[in-house]
Ligand code: SF4
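Residue numbers (our numbering): 870 to 1309.
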């Protein structure tokens, strides 16, 4: 078969969801990937030496070895575990399609599960703050074409989102920013002198956990208040005044923030402070704010849950109708308190990322994991359901970090024996659960 160049592919890695990727394919194999960063490129190729799950695996006890089973049996077992549980948790989702999330929500409703995602330990405080004070935002396209002042606060995109500066914020030439990087100011506020800070025009070293104080000081200066202290949160008074002046004089400003802000002292209050500063700056200037989402479909989970259940994450269906209370129904809290009695994980590795007490509880309960290859979480599983890679082996929808929905193209077929997409797998699981409940 002749080589084919597939254009406008969306990279299924970070929240930048770059949609200009070109993939060269021959005989169902990916030969080359163009335009992506090194992290994105690596996502399209199998990792050398890493085994891919191609058949469902089952073990009764966690000390047993896994045995291969048929899909029919595997989905029966998954349906049985979820329907027999009193407090099941369905966790993950941020690296799969919105269509899969929608089917997962239907399973969660039937099984009265808690539906939660990686948002719980990344941008959960962001969504709480948005619910408190709103969100003046825009698209990445507007930033590329208009922004002349770009602030990265508590994040390091040169490492975490490698093409973010070159494609959307600092370097590209835009409609009103024909000079590209020369026509924009790049400002970094971070306790660490990160690689992004090294590339910035202005770097402000804020004390760890004191961002909230700095937001309030900036708000005071923008409001015309004379600061009494010579230094706030580790930043000199004159630097705070200069930063506030730069912000006020911007033609179009944007604040990007990451987990340095969402998970330092203050959490959702930090984000609320940042949003309120941006709201205030919309008097003398035009400003927006945007979370730098990690996985490519973090925003998609919040969108799907918001339009299906009315809440962005940690949604509890145990009473039939959705309810939401971060800190109570969030997955880490529920696991640490030992309140979960079965768990379904998809497109996530909580075994690596959750606190030890939560992982210890995962060892004690029936655990179903949908994954491509071995992870810390699959080592704790009873049932492994091989996953199809969305955006490479299956088409689907994702929401970029600015809330723009993108269609993710299929590039190659999934390995033999796998479903054509995770959505199909979730639909089959939904039918199994429904059939069991109709029998009872
Ligand atoms: S910046 Fe992110 S989305 Fe873009 S190519 Fe790199 S990993 Fe993929």
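Beta carbons are placed, not taken as given, at the ideal position from N, Cα and C, and that holds for glycine.
What you are looking at is a predicted structure, and each value in this text was computed from that prediction instead of being measured.
- Residue 877 counts as exposed, since fewer than 16 other C-beta atoms from the protein chains shown sit within 10 angstroms of its C-beta.
- Beta-bridge pairing by DSSP links residue 1058 to 1022, 1073.
- The region 934-947 makes no contact with the region 1127-1143: fewer than 3 CB pairs, one atom from each, lie closer than 8 Å.
- Under DSSP, residue 1276 forms a beta bridge with 1266.
- Going by DSSP, residue 1122 is part of the beta strand (DSSP E) stretching over 1122-1126.
- With respect to the 8 Å criterion, residue 1156 and residue 1119 are classified as neighbours on the basis of their beta carbons.
- Judged by the Cβ position, residue 885 qualifies as a neighbour of the ligand SF4 at the 7 Å threshold, a heavy atom of the ligand being closer than this.
- Within the model, the alpha-carbon separation for residue 1252 versus residue 927 is close to 5 Å.
- For residue 945, the three-state secondary structure derived from DSSP is helix.
- Going by beta carbons, residue 996 and residue 1261 fall outside the 8 Å limit.
- The three-state reading of DSSP puts residue 1192 in strand, counting E and B together.
- Inter-residue distance for residue 917 and residue 1218 is about 20 Å (C-alpha atoms, whole angstroms).
- A residue is called buried once 16 or more other Cβ atoms fall within 10 Å of its Cβ, and residue 1022 is buried on that count.
- Not one heavy atom of the ligand SF4 is found less than 7 Å from the C-beta of residue 1016.
- From the listed residues 902, 1148, 897, 1205, the smallest Cα separation to residue 887 is found for 902.
- Taking 7 Å as the cut-off, one finds no heavy atom of the ligand SF4 near enough to the beta carbon of residue 1068.
- The three-state secondary structure of residue 876, taken from DSSP, is strand.
- From the listed residues 1049, 1145, 1033, the smallest Cα separation to residue 909 is found for 1033.
- When C-beta atoms of the region 1266-1284 are compared with those of the region 1237-1247, fewer than three pairs fall below 8 Å, so the two segments do not count as touching.
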